[in-house]
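Q: The sequence shown begins at 1436 in this note's numbering and counts up by one.
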Amino acid sequence: MALIVHKYGGTSMGSTERIRNVAKRVAKWARAGHQMVVVPSAMSGETNRLLGLAKELSPAEQTAAMLRELDMIASTGEQVSVGLLALALQAEGMQSVSYSGWQVPVKTDSAFTKARIESIDDLRVRADLAAGKVVVITGFQGIDAEGHITTLGRGGSDTSAVAVAAAMKADECLIYTDVDGVYTTDPRVVPEARRLSTVSFEEMLEMASLGSKVLQIRSVEFAGKYRVPMRVLSSFTSWDIPIDEEAKSGTLITFEEDEKMEQAVVSGIAFNRDEAKVTVVGVPDKPGIAFQILGPVAEANIDVDVILQNVSHGGRTDFSFTVHRNDYQRTLDLLRNQVVPALGAAEVAGDPKICKVSIVGIGMRSHVGVASKMFGCLSEEGINIQMITTSEIKTSVVIDEKYMELAVRALHKAFDLDQAAA
Ligand code: ADP
Ligand code: ASP
Ligand code: MG
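1) Using the Cα positions of Leu1524 and Ile1555, report the straight-line distance between them to the nearest angstrom.
2) Below 7 Å, is the gap between the Cβ of Asp1593 and the nearest heavy atom of the ligand MG?
3) Short check: CB of Tyr1611 to CB of Tyr1443, under 8 Å?
4) Can a CB atom of chain C be found closer than 8 Å to the CB of Asp1506?
5) Counting only runs that start and end within the segment 1514-1556, where is the beta strand (DSSP E) found for 3 or more residues in a row?
6) Using DSSP bridges, identify the partner residues of Glu1472.
7) With H, G and I counted as helix, E and B as strand and the rest as coil, what does DSSP make of Met1876?
8) Between the alpha carbons of Gly1811 and Val1774, how many angstroms are there, rounded?
9) Evaluate His1802 with the Cβ neighbour count: other Cβ atoms within 10 Å of its Cβ, from every protein chain shown; 16 or more gives buried, anything less gives exposed.
10) Can you tell me whether DSSP reads Gly1779 as helix, strand or coil?
11) My assumption, with CB atoms under 8 Å, is that Ser1535 sits in contact with Asp1615. Please give the rounded CB distance.
12) Under 8 Å by Cβ, that's how I've got His1441 and Leu1609 pegged, so tell me the actual separation to the nearest angstrom.
13) Using only alpha-carbon positions, find the residue among Arg1800, Arg1559, Gly1567 that is nearest to Gly1468.
14) Does the beta-carbon distance from Val1472 to Val1560 come in below 8 Å?
15) Can you give the Cα-Cα distance for Phe1706 and Ala1562, rounded to whole angstroms?
16) Which runs of the beta strand (DSSP E) at least 3 residues long sit entirely within the segment 1569-1651? Give them in chain order.
17) Starting from the Cα of Ile1454, find the closest Cα among Asp1593, Met1478, Lys1712 and give me that residue.
18) What residues match up with His1748 in a beta bridge as DSSP calls it?
19) Taking only heavy atoms of the ligand MG into account, decide whether any of them is closer than 7 Å to the Cβ of Lys1549.
20) State the beta-bridge partners of Ser1793 as determined by DSSP.
21) Would you kindly report the start and end of the unbroken alpha helix (DSSP H) that includes Ile1688?
22) Go ahead and pull the three-state DSSP assignment for Met1448.
23) Let's see if you can read the secondary structure: which residues bound the alpha helix (DSSP H) around Glu1681?
24) Alpha carbon to alpha carbon, how far is Val1571 from Gly1582? Give it in angstroms, no decimals.
25) Return the chain-ordered list of same chain residues with a C-beta closer than 6 Å to the C-beta of Gln1530, the five sequence neighbours on each side being excluded.
26) Mark Ile1704 as exposed unless 16 or more other C-beta atoms lie within 10 angstroms of its C-beta, in which case mark it buried.
27) Would you decide whether Phe1756 is buried or exposed? Buried here means 16 or more other CB atoms lie within 10 Å of its CB.
28) Assuming Val1661 and Ala1601 are in contact, meaning their beta carbons sit under 8 Å apart, how far apart are those beta carbons, in whole angstroms?
Here it is as structure tokens:
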């Protein structure tokens, strides 16, 4: 008998029919003798719908008081899901009980809309499991020290599931979704993408942070910190396939370095359309400039990603960086009104239509020339690289958004990731 956590995403919970299928699958695992905790997301489209309603009633610039209400609203999607799933499980003849994050409780900090889980009380859940119940817990949410409901950021149910698995010392956390594992890149963009039977924790962390939405990055961080065995697999297989077969399907996140380093140099390609580029033009090239530009940006709680400063000509240079697209206008305004006058810079330019494409692989540590192969491939396609950033196991480029799919497809082929090449 094992303690297993299942997580079901929005599409997997997308209709009462699909919820019934989820219940049948979970019941199959419970009947095989496992203790089951299930963490579902809101039904697909529901979180967008709820946040859309909120948007109609709130201005663009949101205060902390407004963000609190957004979490109050968005968290209800998952509350509906857990109730429906517990009902469906009961209809399957299982004993089942659902809880919202605050009832467990899942304690978080107070950063509304992007809260971090601090602790999870396992007492109540353990008592239910001991009584033979399947426990269903909302994804995506928790409660802060003052009793306010918080949410964990988009895609946060993955993190809830892994955190619950860590707190319960579960034997495995299975992330059921609408694809049958982690692919070399998003299979919706590159149909030739290949499923990886394993992916190292480090590579998964990079891919998630660089835009692969298949797992929320914090879920991968949790899995690494607490060594939670974690697998990504499909909820669209027939619910009654044998458990042994199901338990080996999909993609396993591994924590040990395996012989992979010898196999593929690049394991995957990630991309992110959510960024925008800003450039402060004609900045005096002297000590303290980066701090004078990025200090006010950080104070305004705007996250900066790629940064580029050119060599100066005649004592002046340009300073570019990328921010989340949602923060684009705010960043431009702040630079124009505050930074440019203080620095005596010439002007501010911006481009919200950029994207970041990254190659990821632990094999990059032991191979040279990988980045230049990437640049060569993009140059053959006539794609101009605007910015570059590298780390030990990844290289990212910022390019015009309109070339994103072309770049991803060309790189996928150049690094022999296409299905045909396998
Ligand atoms: P869920 O609602 O189950 O959490 P998500 O939409 O958040 O599902 O994540 C699954 C989606 O992630 C897939 O449908 C796929 O389009 C996308 N995706 C992006 N990159 C990858 C990748 N490397 N491998 C698999 N899926 C990916
Ligand atoms: N329902 C939330 C969202 O849409 C959380 C999740 O699906 O993981 O972002
Ligand atoms: Mg998701």
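Yeah, the Cβ is synthetic: ideal placement off N, Cα and C, and Gly gets one too.
A: Straight from the coordinates:
1) 24 Å
2) yes
3) In this structure, Tyr1611 sits near Tyr1443, with a CB-CB distance shorter than 8 Å.
4) No chain C appears in this structure, which consists of one protein chain only.
5) 1531-1534, 1541-1543, 1552-1555
6) This sequence places Val at residue 1472; Glu is not what is there. Note: Val1472 sits in a beta bridge opposite Val1440, Val1570.
7) Residue 1876 lies beyond the range of the chain shown here (1436 to 1857); nothing can be said about it.
8) 37 Å
9) exposed
10) coil
11) Contact flag wrong, Cβ pair sits at about 30 Å.
12) 5 Å
13) Per the Cα distances, Gly1567.
14) yes
15) 43 Å
16) 1569-1572, 1576-1578, 1584-1586, 1607-1612, 1633-1635
17) Met1478
18) Arg1751
19) no
20) Ala1705, Ser1831
21) Counting along the chain, Ile1688 falls outside any alpha helix (DSSP H), though it belongs to the beta strand (DSSP E) covering 1686-1689.
22) coil
23) 1678-1682
24) 21 Å
25) Gly1567, Lys1568
26) buried
27) The residue is buried, with at least 16 neighbouring Cβ atoms inside 10 Å.
28) The residue you asked about is not Val; residue 1661 is Tyr in the sequence shown. Tyr1661 to Ala1601, Cβ: 4 Å. Contact.
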